[in-house]
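Okay, so the sequence shown: first residue is 615 according to my numbering, each after it adds one.
Everything on this sheet refers to the single structure shown next.
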Amino acid sequence: MVNLEARPSACRLQAFAESIDSLRALGRRSLLALLGIVVGSASVIALLNIGRNAAEDALRTFKDMGTDTLVVSFPFSAQKKPPLPLTLDTQRIRRELAGISQVAPITQYSVSIKRDGAHSDASLVGTSAGLAEILGLELQVGRFISAFDQRGTFVVVGARIAEDLRVHGKPLQLGDALQIDHYLYQVIGIARSQTANPLMPVMPDESIFIPIEGMPRIRPSAEIGNVAAKIKPDIDLDTTAQSLKILLSAQLDGREVDVQVAQQLLEGLRRQADTFAWLLAGLGSISLLVGGVGVMNVMLMNVTERRREIGVRMALGARPRDIRTLFLLEATTLSVVGAVLGAVLGVMAAYVFTLFSGWQFSLSLLSLPLGIGSSLCTGLFFGLYPAISASRLSPVVALRDE
């Protein structure tokens, strides 16, 4: 028996070689324990990377929609307040707040639309010409409403609503008449399909747009619901938002005004993404715990089968510390090999998943040290009890076993 404290490097190499031989002797049992660590490590790393890439893709999509927008809302007040007006002096807002390039009032209601027997439920949005620029709305054909339409019975139709209003396979066209309540509106534009901006209260594909001045025709008591604004480049969003809040509150006789900035929503989405990624990692760690139990089971069986060997080692001068170190080294070997193989498998699985999902893959730098480190800690933790059990065996009892 070699003392592990004499010539440390050589003895450690000998102990490592002995641990490899012992694990080989266990055969399939070692392989199953190793597989448990591999699956656990791969799960943690893969789920962390998948969660991170899913979140980054969502944030990238939101950024592409523009983070230079503001949305104003008017919270309900328990105090008796005069009703909100239907329109605002948008020219004055743009004149007094130089940082705002475009502003549009918004009011919307649910309506049913009919066209020669076809019908669809949609959100009727009363607004002004500036909303198209704020939303980044593109048209398949025609034009958006303008300041010259005012109370005219003109409508711009969202992409999904246009599909719903096909009649016998004939698509909706410019100039077609749509019945909204008891009024006929002429189609002057059909919008392209686009992803809804989560900051905006409007879903373009599910909406139809009319001049806000004509909204009382459909809803006599209509009032403004939101105000959307687009900010010029290199302008401080928070300062502009505060200025807009003060200006609108003054215009509306002290009415409470809330202004939401796209950047605030972006930060909230990022926090949610981090929480989601950690949740996935937590789910993956469950399989890692199962792998750790497998390591403990194999090591306990190993101790049971090698009682006479342990007794011989102790009789030749091995101390409990040496026996404990030997079995811990075996558990460590299983954990290291399993963690490294699991890391490779986890990264590959995450890459394939993101590839098929159409996302852009980026490796989460935290995933590798976390996945490998947690695998090592799990293996050592579950290997500690068998190692201590082996070190506490009595040499006399161990040598007596057949």
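For each residue, glycine too, the CB sits at the ideal point set by N, CA and C.
Who pairs with N840 in a beta bridge, going by DSSP?
Its beta-bridge partners are S687 and I720.
Q | Same chain, Cβ closer than 6 Å to G803, five either side skipped, listed in chain order | A | Answer for G803: L753, G756, R757, F758 and V770, listed in chain order.
Simplified DSSP assignment, three categories, for P1000: DSSP, read as helix, strand or coil, puts P1000 in helix.
Between the Cα of I794 and the Cα atoms of G898, F768, N667 and M928, which residue gives the shortest distance? For I794, the closest C-alpha among the options G898, F768, N667 and M928 is that of F768.
- Query: Relative to the alpha-carbon of S603, which residue among S644, R642, L649 and I659 has its alpha-carbon at the smallest distance?
  - Reply: Residue 603 cannot be examined here, being either before or after the span of the chain that is shown, 615 to 1016.
- Whole-angstrom C-beta distance between L948 and V909, which should lie under 8 Å: Under the criterion of beta carbons closer than 8 Å, V909 and L948 qualify as touching, at roughly 6 Å.
query: When you compare only the Cα positions, how much space is there between I714 and S821?
result: Each residue's Cα considered, the two are about 25 Å apart.
* Asked: Exposed or buried, what is K844 when buried is set at 16 or more other beta-carbons lying within 10 Å of its beta-carbon?
  -> Buried: at least 16 other Cβ atoms inside 10 Å.
DSSP three-state label for T809, please.
Looking at T809 - three-state DSSP - the assignment turns out to be coil, as it is neither helix nor strand.
Run through DSSP, which three-state label would P825 get? Looking at P825 - three-state DSSP - the assignment turns out to be strand.
Practice prompt. Return the residue from the list L940, R642, V686 and P1000 that minimises the CA-CA distance to A842.
Written response: Comparing C-alpha distances from A842 to each of L940, R642, V686 and P1000 shows the shortest one belongs to V686.
| S1005, DSSP secondary structure in three states | Helix at S1005.
field: Alpha-carbon spacing of Y797 relative to A876, whole angstroms
entry: Rounded to the nearest angstrom, the two C-alpha atoms are 37 Å apart.
**Prompt:** Any idea what DSSP makes of L866, helix, strand or coil?
**Reply:** The answer is coil: DSSP assigns L866 none of H, G, I, E or B.
Can you list, in chain order, the residues of its chain with a C-beta nearer than 8 Å to that of S1003? Leave out the 5 residues immediately preceding and following it. Within the same chain, S1003 has close Cβ partners L914 and V917.
Just to check my reading of the structure: L990 and V950 have Cβ atoms closer than 8 Å, yes? What is that Cβ distance to the nearest angstrom? In this structure L990 is in contact with V950, their Cβ atoms being roughly 7 Å apart against a cut-off of 8 Å.
**Item:** Delimiting residues of the alpha helix (DSSP H) encompassing S899
**Value:** Judged by DSSP secondary structure, S899 falls within the alpha helix (DSSP H) whose first and last residues are A876 to E919.
For the structure I just gave you, are there three or more beta carbon pairs, one from the region 811–830 and one from the region 743–750, closer than 8 Å? Taking a contact to require three or more Cβ pairs closer than 8 Å, the region 811–830 and the region 743–750 qualify as touching.
Quick check on the DSSP output: what are the complete alpha helix (DSSP H) runs of length 4 or more inside the region 771–820, in order along the chain?
Runs of the alpha helix (DSSP H) lying entirely within the region 771–820 and spanning at least 4 residues, in chain order: 773–778.
query = Going by DSSP, which residues form a beta bridge with S742?
reply = Under DSSP, S742 takes part in no beta bridge, so it has no partner.
In or out: L979 buried (at least 16 other Cβ within 10 Å) or exposed?
Exposed, since its Cβ has fewer than 16 Cβ neighbours within 10 Å.
Original post:
Is A732 helix, strand or coil by DSSP?
Top reply: For A732, the three-state secondary structure derived from DSSP is strand.
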